[in-house]
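Reviewing the structure listed below.
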Amino acid sequence: MDRPPAIFGTTIFDGEQARKGYALNRMCFSFNEQANRDAFKADEEGYMRRYGVQGVQAEAIRKRDVLGLLAAGGNVYYLAKFAGILGLDVQDLGAAQTGLSKEEFKARLVRQNEQPTRLAA
Amino acid sequence: MDRPPAIFGTTIFDGEQARKGYALNRMCFSFNEQANRDAFKADEEGYMRRYGVQGVQAEAIRKRDVLGLLAAGGNVYYLAKFAGILGLDVQDLGAAQTGLSKEEFKARLVRQNEQPTRLAA
Amino acid sequence: MARIIGGLTTSHVPAIGGAIAKGLQGEPYWKPFFDGFLPVHRWLDDVQPDVAVVFYNDHGLNFFLDKMPTFAVGAAPEYRNADEGWGIPTLPPFRGELDLSWHVIEHLVDREFDITTCQEMLVDHAFTLPLKLFWPQGVPVTVVPICINTVQFPLPSARRCYALGQAVGEAIRSWESDKKVVVIGTGGLSHQLDGERAGFINKPFDLKFMDSLVEDPEWATQYSIHELVEKTGTQGVELLMWLATRAAVPGRVRKVHTNYHIPISNTAAGMMALESLTQAA
Amino acid sequence: MARIIGGLTTSHVPAIGGAIAKGLQGEPYWKPFFDGFLPVHRWLDDVQPDVAVVFYNDHGLNFFLDKMPTFAVGAAPEYRNADEGWGIPTLPPFRGELDLSWHVIEHLVDREFDITTCQEMLVDHAFTLPLKLFWPQGVPVTVVPICINTVQFPLPSARRCYALGQAVGEAIRSWESDKKVVVIGTGGLSHQLDGERAGFINKPFDLKFMDSLVEDPEWATQYSIHELVEKTGTQGVELLMWLATRAAVPGRVRKVHTNYHIPISNTAAGMMALESLTQAA
Ligand SMILES: [Fe+3]
Ligand SMILES: [Fe+3]
Numbered sequence: 041m042d043r044p045p046a047i048f049g050t051t052i053f054d055g056e057q058a059r060k061g062y063a064l065n066r067m068c069f070s071f072n073e074q075a076n077r078d079a080f081k082a083d084e085e086g087y088m089r090r091y092g093v094q095g096v097q098a099e100a101i102r103k104r105d106v107l108g109l110l111a112a113g114g115n116v117y118y119l120a121k122f123a124g125i126l127g128l129d130v131q132d133l134g135a136a137q138t139g140l141s142k143e144e145f146k147a148r149l150v151r152q153n154e155q156p157t158r159l160a161a
Numbered sequence: 041m042d043r044p045p046a047i048f049g050t051t052i053f054d055g056e057q058a059r060k061g062y063a064l065n066r067m068c069f070s071f072n073e074q075a076n077r078d079a080f081k082a083d084e085e086g087y088m089r090r091y092g093v094q095g096v097q098a099e100a101i102r103k104r105d106v107l108g109l110l111a112a113g114g115n116v117y118y119l120a121k122f123a124g125i126l127g128l129d130v131q132d133l134g135a136a137q138t139g140l141s142k143e144e145f146k147a148r149l150v151r152q153n154e155q156p157t158r159l160a161a
Numbered sequence: 060m061a062r063i064i065g066g067l068t069t070s071h072v073p074a075i076g077g078a079i080a081k082g083l084q085g086e087p088y089w090k091p092f093f094d095g096f097l098p099v100h101r102w103l104d105d106v107q108p109d110v111a112v113v114f115y116n117d118h119g120l121n122f123f124l125d126k127m128p129t130f131a132v133g134a135a136p137e138y139r140n141a142d143e144g145w146g147i148p149t150l151p152p153f154r155g156e157l158d159l160s161w162h163v164i165e166h167l168v169d170r171e172f173d174i175t176t177c178q179e180m181l182v183d184h185a186f187t188l189p190l191k192l193f194w195p196q197g198v199p200v201t202v203v204p205i206c207i208n209t210v211q212f213p214l215p216s217a218r219r220c221y222a223l224g225q226a227v228g229e230a231i232r233s234w235e236s237d238k239k240v241v242v243i244g245t246g247g248l249s250h251q252l253d254g255e256r257a258g259f260i261n262k263p264f265d266l267k268f269m270d271s272l273v274e275d276p277e278w279a280t281q282y283s284i285h286e287l288v289e290k291t292g293t294q295g296v297e298l299l300m301w302l303a304t305r306a307a308v309p310g311r312v313r314k315v316h317t318n319y320h321i322p323i324s325n326t327a328a329g330m331m332a333l334e335s336l337t338q339a340a
Numbered sequence: 060m061a062r063i064i065g066g067l068t069t070s071h072v073p074a075i076g077g078a079i080a081k082g083l084q085g086e087p088y089w090k091p092f093f094d095g096f097l098p099v100h101r102w103l104d105d106v107q108p109d110v111a112v113v114f115y116n117d118h119g120l121n122f123f124l125d126k127m128p129t130f131a132v133g134a135a136p137e138y139r140n141a142d143e144g145w146g147i148p149t150l151p152p153f154r155g156e157l158d159l160s161w162h163v164i165e166h167l168v169d170r171e172f173d174i175t176t177c178q179e180m181l182v183d184h185a186f187t188l189p190l191k192l193f194w195p196q197g198v199p200v201t202v203v204p205i206c207i208n209t210v211q212f213p214l215p216s217a218r219r220c221y222a223l224g225q226a227v228g229e230a231i232r233s234w235e236s237d238k239k240v241v242v243i244g245t246g247g248l249s250h251q252l253d254g255e256r257a258g259f260i261n262k263p264f265d266l267k268f269m270d271s272l273v274e275d276p277e278w279a280t281q282y283s284i285h286e287l288v289e290k291t292g293t294q295g296v297e298l299l300m301w302l303a304t305r306a307a308v309p310g311r312v313r314k315v316h317t318n319y320h321i322p323i324s325n326t327a328a329g330m331m332a333l334e335s336l337t338q339a340a
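Chains as they are written, first to last, in the numbering used here: chain A, 41 to 161; chain B, 41 to 161; chain C, 60 to 340; chain D, 60 to 340.
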């Protein structure tokens, strides 16, 4: 299959990403449970080791580096559970990824209302 | 969808059977693990209660009644794990279901060699 | 035979759950969103559906990458909600419509859809919140959840999801029952949570897509998944649920009500209620 | 592009595992079965495949009724065996061929197969024993497991499994690699474990089916699943794996060796090795 052209600022979670990110995503999936979130908070390094999260993935977890986590194969749906531990909502994440403050990011969302209502042909 | 005609001595594990047998099959699936097999052997009634296995299903488990387990919605692949606990192989099961002794059942299998080699047109 | 009375579609942002729990429906931020549902509540009071078939996408509650189905059909007596990692209150279980589940499963496999059957299934905010939005006083319908993969690429094409919806519609209408069925699709519209393009919204595309569902329902099937991601964002592809829903409602429809509001959370929130004008089986 | 060198099919009765573990290959009961593999060992020594794509059916190790896929494709770096409930020795892990897994997955979804992807996957006797039979000295190939549901009815039709096999064959042959791939299918032939009909075997049907795979590979697709159960037993439907395997090997084939022996356990044990005569991509 030919690869379609890249989309700016967008990572497609395909097999290539999934292969890189499996350990990271498995750890984040475990955060569905309160007991696991607590265990992570109590001992981040030990918890990461238990799930085989290491190298650039562990580094991105330590730095709370969302773009780094995505680049390392993290999937946004599982990463959202990590963000939950940190008490971050999707607008915090949006701000972090776009280099804006949260207020700027929210204002940018509101400004989307100014878009045209008709699709260019 | 119209139901095709029944096949003698054969239960199709369709949605209807699956609905009846879910608790039973879930219990038998758990027997993949040695610890669960041991727990069942130590306390059959308690184990069945834990998995919600009751009524005709529990009765058929108590009696080691294979045809009863099938009729109650048991699936042969999961029931085989229950048979494993009892130390029964598929020929023991075959004998039990056909009312033959194990030797008779095995002899019947060997006699299948006498079947014709060509499919009737 | 059962009758499809119409289709309902809505966005399903987790934050909606918080707003409901805190009773913020009347706040300026939320009012334009929640008010969109009021005419639909009146319509539902009027038509009184018995069963809802719900197309939604799981966000990592019931499915992980170890077993990720393209299409999953629920066949459970009840469907439980659970903690998705944020500790928000979980909703009480939803009652399954088992006869219809198995009828749909039989029909789909017969039509060469290679579904995963789920006799136990946790349902996440994408399933629970829309039902809460449509029936704030309590959900009176039994349900059949149908989950479409939007997590692990490759995703099923828009064309394939449309065909799935059509087949589900056939199944419902051939179900031997006098029940009234509403089809629900949840997700979208345009939004993107991840990457430097986070916050992306495409209003003209969303509005055109909503229009198309009334008059030209196959319009969106012209696009590949890659094109849909480009036009609607990584999570905007959830419009596949809307497409499947519309495909399940046969023939012509009447627009009961629609709403479109930017933003809820990072999302362009859309809502449509379409009544089926085709009464034949 | 990768090359498909041929197809191998065999029964996969759990008792084979016990016989191998106890070294009973030369005993009168087992010898007619194990000897059937000797010419295939020589052929495999000769053609030296690098990768095996394996169609098999799970018997309740990796999949339960809560998530039962019609078609599941493995995409794991390795596949572990585990206790299936009988405490028999488990085999060491098998190395995955990840590039091919994802290439197959992309191709199948593109061709509208609604597969479940499995990035972690336990493999049961239906996967492990055939590899052990074909390579008793140790498995030199990397693998891609493809699991077809034979547990929860409705099962995919013979026609659908054939189409799956064809699409998998296309995927292999469009894989950018110089590797040699063998396709393996495990299960059958006629047998029935459950019910008053336990012990059912249909020799003339099995032999006709084996013949058909050489000259008329679509022959069995004329039958519905119900007819196949009637003709081959509840577990005889595992012949779907053979059908998918043959469909994956394009065009004409040469019979390297075949074997048919009644009974192993409750099963009519069959084995076929077919060499591809089509070298074009
Ligand atoms: Fe969503
Ligand atoms: Fe088998």
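The beta-carbon is built from N, C-alpha and C at its ideal position, and this holds for glycine as well. The structure displayed is predicted, hence computed values, not measured ones.
Helix, strand or coil at residue i [DSSP, three-state]
{"i": "residue 319 of chain D", "result": "strand"}
{"i": "residue 340 of chain D", "result": "For residue 340 of chain D, the predicted structure reports a pLDDT of 42, less than 50, and the residue's modelled location is therefore unreliable. The matter cannot be settled from this model."}
{"i": "residue 333 of chain C", "result": "strand"}
{"i": "residue 67 of chain C", "result": "strand"}
{"i": "residue 51 of chain A", "result": "coil"}
{"i": "residue 108 of chain B", "result": "helix"}
Cβ of residue i within 8 Å of any chain B Cβ
{"i": "residue 164 of chain C", "result": "yes"}
{"i": "residue 303 of chain C", "result": "no"}
{"i": "residue 181 of chain C", "result": "no"}
{"i": "residue 109 of chain D", "result": "no"}
{"i": "residue 145 of chain D", "result": "yes"}
{"i": "residue 95 of chain D", "result": "no"}
Rounded straight-line distance, which links the Cα of residue j to that of residue i
{"i": "residue 289 of chain D", "j": "residue 255 of chain D", "result": "13 Å"}
{"i": "residue 123 of chain D", "j": "residue 115 of chain B", "result": "11 Å"}
{"i": "residue 334 of chain C", "j": "residue 82 of chain B", "result": "59 Å"}
{"i": "residue 218 of chain D", "j": "residue 132 of chain C", "result": "22 Å"}
{"i": "residue 94 of chain D", "j": "residue 249 of chain D", "result": "20 Å"}
{"i": "residue 279 of chain D", "j": "residue 80 of chain A", "result": "54 Å"}
{"i": "residue 96 of chain D", "j": "residue 304 of chain D", "result": "18 Å"}
{"i": "residue 339 of chain D", "j": "residue 63 of chain D", "result": "Because the pLDDT of residue 339 of chain D is 48, which lies under 50, any placement of that residue in the model is unreliable, and the number read from its coordinates should be weighed accordingly. Approximately 10 Å between the Cα atoms of the pair."}
{"i": "residue 187 of chain C", "j": "residue 55 of chain A", "result": "30 Å"}
{"i": "residue 194 of chain B", "j": "residue 68 of chain D", "result": "The question about residue 194 of chain B has no answer here: the residues shown for chain B are numbered 41 through 161."}
{"i": "residue 119 of chain D", "j": "residue 118 of chain B", "result": "6 Å"}
{"i": "residue 137 of chain C", "j": "residue 139 of chain A", "result": "44 Å"}
Own chain residues within Cβ distance below 7 Å of residue i, not counting five before or after
{"i": "residue 149 of chain D", "result": "140, 141 and 142"}
{"i": "residue 311 of chain D", "result": "336 and 337"}
{"i": "residue 141 of chain B", "result": "135"}
Beta carbon proximity, residue i to chain C, threshold 8 Å
{"i": "residue 82 of chain A", "result": "no"}
{"i": "residue 52 of chain A", "result": "yes"}
{"i": "residue 142 of chain A", "result": "no"}
{"i": "residue 221 of chain D", "result": "no"}
Cut-off 6 Å between Cβ atoms - residues of its own chain near residue i, not counting five sequence neighbours on either side
{"i": "residue 89 of chain D", "result": "78 and 83"}
{"i": "residue 190 of chain C", "result": "198"}
{"i": "residue 215 of chain C", "result": "129"}
{"i": "residue 48 of chain D", "result": "A question about residue 48 of chain D goes unanswered here, because the residues of chain D that appear run from 60 up to 340."}
{"i": "residue 228 of chain C", "result": "307 and 309"}
8 Å Cβ cutoff, residue i in contact with chain D
{"i": "residue 211 of chain C", "result": "yes"}
{"i": "residue 87 of chain B", "result": "no"}
{"i": "residue 150 of chain B", "result": "yes"}
{"i": "residue 137 of chain B", "result": "yes"}
Min CB distance residue i to chain A below 8 Å
{"i": "residue 124 of chain C", "result": "yes"}
{"i": "residue 178 of chain D", "result": "yes"}
### Task
Check each residue of the segment 56–83 of chain B: if its Cβ is closer than 7 Å to any Cβ of chain C, include it; give the result in chain order.
So the list reads 58, 59 and 62, given in the order they occur along the chain.
### Task
Scan the segment 243–256 of chain C for residues whose Cβ lies nearer than 8 Å to a Cβ of chain A and list them as they occur along the chain.
For the segment 243–256 of chain C, which is checked against every Cβ of chain A, the residues closer than 8 Å are 251, 252, 253, 254, 255 and 256.
### Query
Any residues in the segment 146–162 of chain D with a beta carbon nearer than 7 Å to a beta carbon of chain A? Which ones, in chain order?
Correct list: 157 and 161.
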